[in-house]
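Engineer: Just passing along the structure, written as structure tokens.
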Amino acid sequence: MISDYKIIPCAHYDYLELACLRGYWLKIELQDGSLCLARAITIQTHADKSEWLAIEQEHKGLQTLRLDTIIAITPTELDASFGRVMIASQ
1 MISDYKIIPC AHYDYLELAC LRGYWLKIEL QDGSLCLARA ITIQTHADKS
51 EWLAIEQEHK GLQTLRLDTI IAITPTELDA SFGRVMIASQ
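Dropping the structure here:
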């Protein structure tokens, strides 16, 4: 069962939106301790007001990650306009 959604700080949306607009490949650190490498696609809001990052993983296709489960994102591009950013608190 998924716990109640916790809104992430507003300042962090800019980094997620920029990653989506530029199609950055991100190293994504999740609350369960796992890491994934994926291209940011878009941010989605569901009917229950939870927010999700749509990603594309090589050989796995499209998936979504609930924003409050993402600890940090780091673009893999050398010319990215930002580095590692903390998204949700642990």
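In the working numbering, the protein residues as written are 1 to 90. Positions of the beta carbon are idealized from the N, C-alpha and C atoms, including for glycine.
1. Comparing alpha-carbon positions, which option in C36, E56, D48 and K27 lies nearest R84?
2. Quick one: residues in its chain with C-beta nearer than 8 Å to the C-beta of L30, no 5 flanking neighbours on either side, listed in chain order?
3. So, at 6 Å on beta carbons, what are the nonlocal neighbours of Q25 in its own chain, with the 5 sequence-adjacent residues on each side left out?
4. Which residues does DSSP list as the beta-bridge partners of R66?
5. Compute the Euclidean distance between the alpha carbons of D79 and A19, then round it to the nearest angstrom.
6. In three-state DSSP terms, what is R84?
7. From the DSSP output, which residues share a beta bridge with C36?
Structural biologist: Concretely, from the data shown:
1. Here residue 84 corresponds to residue number 84 of the sequence shown, with the count starting at 1. Of the listed residues, the one whose Cα sits closest to R84 is K27.
2. The residue given as residue 30 occupies position 30 in the sequence shown. Around L30: C36, L65, T69, I70 and I71.
3. Here residue 25 refers to the residue found at position 25 when the sequence shown is read from its first residue. With the sequence shown as reference, residue 25 is identified as Trp, and Gln is not the correct amino acid for it. Cβ neighbours of W25 beyond the five flanking positions: R39 and T76.
4. Here residue 66 corresponds to residue number 66 of the sequence shown, with the count starting at 1. Answer by DSSP bridge pairing, in chain order: W52.
5. As a first step, residue 79 is located in the sequence shown; it is residue number 79 there, counting from the start. As a first step, residue 19 is located in the sequence shown; it is residue number 19 there, counting from the start. C-alpha separation (whole angstroms): 12 Å.
6. What you label residue 84 is simply residue 84 of the sequence shown in a count that begins at 1. Here R84 sits in coil by DSSP.
7. By 1-based counting over the sequence shown, the position of residue 36 is 36. Answer is I28, bridged to C36.
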